[in-house]
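Here's the structure we're looking at; comments come further down.
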Amino acid sequence: MSDSDSISSDPLHDIAEIPPLGGLWGRLVSGLDRLFALLASLALIAIAAVVILQIVSRVALPSSPAWTEELSRYLFIYMVALSSGLVLRRNRHVNVELFQHLLGRRSQLVYRALCCLVVGVFSAWMIPYAMQFAQVGAFQTSPTLEVHMHYIFFSTVALFGLSALYAAIGLIEASVAIARGGSTHTGETP
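Counted from 1, the sequence shown has number 28 at position 28 by the UniProt record's numbering; the numbering is strictly sequential.
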């Protein structure tokens, strides 16, 4: 199949798609993807349940619990942190595509590899500061739930840690794809 045969009708979806690796590596990364997608989905379901409880209690009960707003906020923070790596891996983050569609397949992969490198270096650099930030919460508790705030502040460590991890995964997969000549197939069976 030639490169012109593999071009889809929508060029925006062809921009910088990094093909996943197969084999053991691919299965490990896929399992990691499923784990964090499940955790983020559970956080979203919990947010919905807490908000519904809050609405029902405001309408049907004489008083509503004060902890629902706080819990929904903390669940939202963790949902964002747990899904940050998946967003990076699937290229679903907000970006501006000015020139990428003009690049060839191999150049797009190089561009994505550079983006992963920059995000990974920045995220890894921020992890110690995020850990310091999380330690600030060791002496505080939340107002209504009375949860130690270092558990909540730890979400920044999770955010930067997962971003660094998934940036490294993206960099490895992009590098392998570049070495294979920018092909769209992994050459291995999953």
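Just so it is clear, CB atoms sit at the ideal spot from N, CA and C, and this is done for glycine as well.
- Message: So, at 6 Å on beta carbons, what are the nonlocal neighbours of L44 in its own chain, with the 5 sequence-adjacent residues on each side left out?
- Response: M79
- Identify the continuous alpha helix (DSSP H) that holds H150 and give its terminal residues. M149 to F153
- Message: Only counting the same chain, and skipping five residues up and downstream in sequence, which positions put a Cβ closer than 6 Å to that of G187?
- Response: Caution is warranted here: a pLDDT of 44 is assigned to G187, below 50, making its placement in the model unreliable, and the coordinate value is therefore given only provisionally. Excluding residues within five positions, none has a Cβ falling inside 6 Å.
- Message: Helix, strand or coil for T156? Go by DSSP, reduced to three states.
- Response: helix
- Item | Between the CA atoms of G181 and L75 - distance to the nearest angstrom | 42 Å
- Message: Quick check on the DSSP output: the alpha helix (DSSP H) that includes L32 runs from which residue to which?
- Response: G23 to A60
- Task: Would you list the residues sitting across from V141 in a DSSP beta bridge?
- Result: In the sequence under discussion, the amino acid at residue 141 is Thr, which differs from the Val named in the question. Answer is H148.
- Query: In the stretch 67-102, which residue ranges form an unbroken alpha helix (DSSP H) of at least 4 residues, counting only runs that do not cross its ends?
  - Reply: 67-89
- Query: By Cβ distance below 8 Å, which residues in the same chain neighbour A124 in space, the five residues on each side in sequence not counted?
  - Reply: F160 and A164
- Contact set for S63: own chain, Cβ-Cβ below 8 Å, skip 5 residues either direction: S57
- Query: Per DSSP, what kind of secondary structure is G181 in: helix, strand or coil?
  - Reply: coil
- Message: For the alpha helix (DSSP H) containing I18, name the first residue and the last one.
- Response: Segment: none, I18 is in no alpha helix (DSSP H) and carries neither H nor E.
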